[in-house]
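For reference, the structure is listed below as structure tokens.
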Amino acid sequence: MKRLTVAPRKNWQERMEEIGFTFHTPGSTYWQEDAYYEFSSDQVDHIEAVTEELHALCLEAVDHVVRNELFLKMGITGAGAALVRDSWFRADRSLYGRFDLVYDSKHELRLLEYNADTPTALFETAVVQWVWLQEQFPDMDQFNSVHEKLMDVFGAVASSRGILQPFYFSSVKDHEEDRVTVEYLRDVALQAGFDARYVSMEDIGFSSETNRFYDIEEN
């Protein structure tokens, strides 16, 4: 693994905003393009193998919690525990998660966090990095197939759960990063063939008469 310096694009802020990356400087510069990391094929293969192993270990931990009814120790109660239990025994497909790892190519990887609840940095990984690479190093490639894998998993989730259309995506109105992340997921779902729609959390209604949720257009 090498850390290499490079001159940022002169118009990088404008270019990022053109593709929808509007939160690149939330008070301080979040997106940095004065350096990048280069990995060898062997290093990438190793990272992939280790993350597969880590994911399997996390699933073993989930199985242990579910089968031994350890929900309270995990802060999960009541209906939440029932939903987790039912989902686990149905073998529901997950959509995506994000590993936060420590790695310097000299020592073994270490896991800091497996964020599979609210994993952001998705749009940056799937879209922004690719645009940067194409504009800075068009003859180089990246070991990143997040977009293609999301397309596949949306199809698999739909097949396993029989998700009815329309398929709604939601976030709070005033959080730009969440909105962009959710809109990206909605776009992927559209490409996968869903009638994917966005509704803000604040615009979701509930009818006690029908016991159903509705969007702002009462669908």
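Numbered by my numbering, the letters in the sequence shown go through residues 736 to 954 in order. Note that the Cβ used here is the ideal one computed from N, Cα and C, for glycine as well. Just so you know, these numbers come straight off a predicted model, no measurement behind them.
Coil, strand or helix - residue i by DSSP
| i | result |
| --- | --- |
| residue 740 | strand |
| residue 943 | coil |
| residue 932 | strand |
| residue 772 | strand |
| residue 858 | helix |
| residue 926 | helix |
| residue 871 | helix |
| residue 782 | helix |
| residue 916 | helix |
| residue 758 | coil |
| residue 889 | helix |
| residue 882 | helix |
| residue 876 | coil |
Under 8 Å between C-beta atoms of residue i and residue j
| i | j | result |
| --- | --- | --- |
| residue 855 | residue 912 | yes |
| residue 924 | residue 889 | yes |
| residue 934 | residue 895 | no |
| residue 902 | residue 872 | no |
| residue 739 | residue 782 | no |
| residue 831 | residue 885 | yes |
| residue 758 | residue 915 | yes |
| residue 736 | residue 772 | yes |
| residue 846 | residue 794 | no |
| residue 834 | residue 819 | no |
| residue 892 | residue 756 | no |
| residue 823 | residue 837 | no |
| residue 922 | residue 938 | no |
| residue 785 | residue 878 | no |
Extent of the continuous beta strand (DSSP E) to which residue i belongs
| i | result |
| --- | --- |
| residue 845 | 845 to 850 |
Strand pairing of residue i, partner residues [DSSP]
| i | result |
| --- | --- |
| residue 837 | 845 |
| residue 949 | 940 |
| residue 903 | 932 |
Through-space distance from residue j to residue i, alpha-carbon basis
| i | j | result |
| --- | --- | --- |
| residue 952 | residue 907 | 18 Å |
| residue 814 | residue 880 | 36 Å |
Terminal residues of the alpha helix (DSSP H) in which residue i lies
| i | result |
| --- | --- |
| residue 824 | 813 to 825 |
| residue 828 | Careful: residue 828 lies outside any alpha helix (DSSP H) and carries neither H nor E. |
| residue 747 | 747 to 753 |
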